[in-house]
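>
In our numbering, the protein residues as written are 5 to 75.
#1: Going along the chain, which unbroken runs of the beta strand (DSSP E) with 3 or more residues stay wholly within the stretch 8–55?
#2: Would you mind sorting residue 76 into buried or exposed? The rule is 16 or more other CB atoms within 10 Å of its CB.
#3: In chain order, what residues of the same chain lie with their CB nearer than 6 Å to the CB of residue 48, ignoring the 5 residues before and after it?
#4: In angstroms, rounded to a whole number, what distance separates the CA positions of residue 16 and residue 58?
#5: Among the residues of its own chain, which have a CB less than 6 Å from the CB of residue 30, if the five just before and after it don't count?
#6: Could you spell out the range, first to last residue, of the beta strand (DSSP E) harbouring residue 59?
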(Lines of atoms letter the chains of each structure in order from A; the text may use other names.)
(Lines give C-alpha, C1' and ligand atoms only; values in the text may rest on other atoms or scores of the structure.)
Protein backbone atom coordinates (compact mmCIF):
# COMPACT_ATOMS: atom_id res chain seq x y z
CA UNK A 5 0.00 0.00 0.00
CA UNK A 6 1.46 3.31 -1.10
CA UNK A 7 1.16 6.15 1.37
CA UNK A 8 -0.18 9.43 0.06
CA UNK A 9 0.65 12.82 1.42
CA UNK A 10 -1.70 15.76 1.50
CA UNK A 11 -5.44 15.71 1.10
CA UNK A 12 -7.91 14.41 -1.46
CA UNK A 13 -10.06 16.95 -3.31
CA UNK A 14 -13.75 16.01 -2.94
CA UNK A 15 -16.28 17.64 -5.29
CA UNK A 16 -20.06 17.26 -5.16
CA UNK A 17 -22.38 18.58 -7.88
CA UNK A 18 -26.15 18.60 -7.19
CA UNK A 19 -28.71 19.91 -9.66
CA UNK A 20 -32.48 19.49 -10.08
CA UNK A 21 -33.65 17.21 -12.88
CA UNK A 22 -37.02 16.16 -14.29
CA UNK A 23 -37.50 12.40 -14.52
CA UNK A 24 -41.04 11.73 -15.81
CA UNK A 25 -41.16 8.23 -14.29
CA UNK A 26 -40.63 9.72 -10.82
CA UNK A 27 -43.13 12.61 -11.05
CA UNK A 28 -44.43 14.34 -9.00
CA UNK A 29 -41.36 13.75 -6.81
CA UNK A 30 -38.59 16.31 -6.60
CA UNK A 31 -35.44 14.73 -8.06
CA UNK A 32 -31.83 15.90 -8.05
CA UNK A 33 -28.77 14.63 -9.91
CA UNK A 34 -25.82 13.96 -7.58
CA UNK A 35 -22.28 13.58 -8.91
CA UNK A 36 -19.37 12.99 -6.53
CA UNK A 37 -15.69 13.00 -7.50
CA UNK A 38 -12.41 12.54 -5.70
CA UNK A 39 -9.41 14.27 -7.24
CA UNK A 40 -11.44 14.98 -10.39
CA UNK A 41 -12.47 11.35 -11.02
CA UNK A 42 -16.18 10.55 -10.64
CA UNK A 43 -16.91 7.71 -8.24
CA UNK A 44 -20.66 8.20 -7.66
CA UNK A 45 -23.51 9.18 -9.99
CA UNK A 46 -26.99 9.09 -8.44
CA UNK A 47 -30.42 10.47 -9.14
CA UNK A 48 -31.98 11.15 -5.74
CA UNK A 49 -35.60 11.69 -4.71
CA UNK A 50 -36.00 14.52 -2.20
CA UNK A 51 -38.63 14.17 0.54
CA UNK A 52 -39.47 15.89 3.80
CA UNK A 53 -40.03 13.61 6.77
CA UNK A 54 -42.67 14.06 9.44
CA UNK A 55 -39.81 15.20 11.70
CA UNK A 56 -39.18 18.20 9.42
CA UNK A 57 -35.87 16.83 8.10
CA UNK A 58 -35.11 16.59 4.40
CA UNK A 59 -34.15 13.15 3.09
CA UNK A 60 -32.57 11.91 -0.14
CA UNK A 61 -33.32 8.45 -1.48
CA UNK A 62 -30.43 7.81 -3.83
CA UNK A 63 -30.51 5.37 -6.74
CA UNK A 64 -27.27 3.84 -8.02
CA UNK A 65 -26.42 4.44 -11.67
CA UNK A 66 -23.80 2.40 -13.48
CA UNK A 67 -21.22 4.63 -15.12
CA UNK A 68 -17.99 4.43 -17.03
CA UNK A 69 -14.92 4.34 -14.78
CA UNK A 70 -12.56 7.27 -15.07
CA UNK A 71 -15.12 9.95 -16.00
CA UNK A 72 -13.90 13.46 -15.25
CA UNK A 73 -15.94 15.65 -12.90
CA UNK A 74 -18.48 17.86 -14.66
CA UNK A 75 -18.36 15.97 -17.97
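All C-beta atoms in this analysis are idealised placements derived from N, C-alpha and C, irrespective of residue type, glycine included. It should be emphasised that the depicted structure is a prediction, and the values quoted were computed from it without experimental measurement.
So, from the listed chains and residues:
#1: If we require 3 residues or more, the beta strand (DSSP E) runs fully inside the stretch 8–55 come out as 14–21, 30–38, 41–52.
#2: Because residue 76 is not part of the residues shown, which for the chain are 5 to 75, the question remains open.
#3: Here residue 48 refers to the residue found at position 44 of the chain shown. If we look at residue 48 and ignore the five residues flanking it on each side, its Cβ neighbours are 32, 34, 60, 62.
#4: Residue numbering aside, residue 16 sits at position 12 when the chain shown is read from its first letter. Residue numbering aside, residue 58 sits at position 54 when the chain shown is read from its first letter. The alpha-carbon atoms of residue 16 and residue 58 are separated by roughly 18 Å.
#5: For this step, residue 30 is matched to residue 26 along the chain shown. Correct list, in chain order: 50.
#6: The residue given as residue 59 occupies position 55 in the chain shown. Note, residue 59: beta strand (DSSP E), 58–62.
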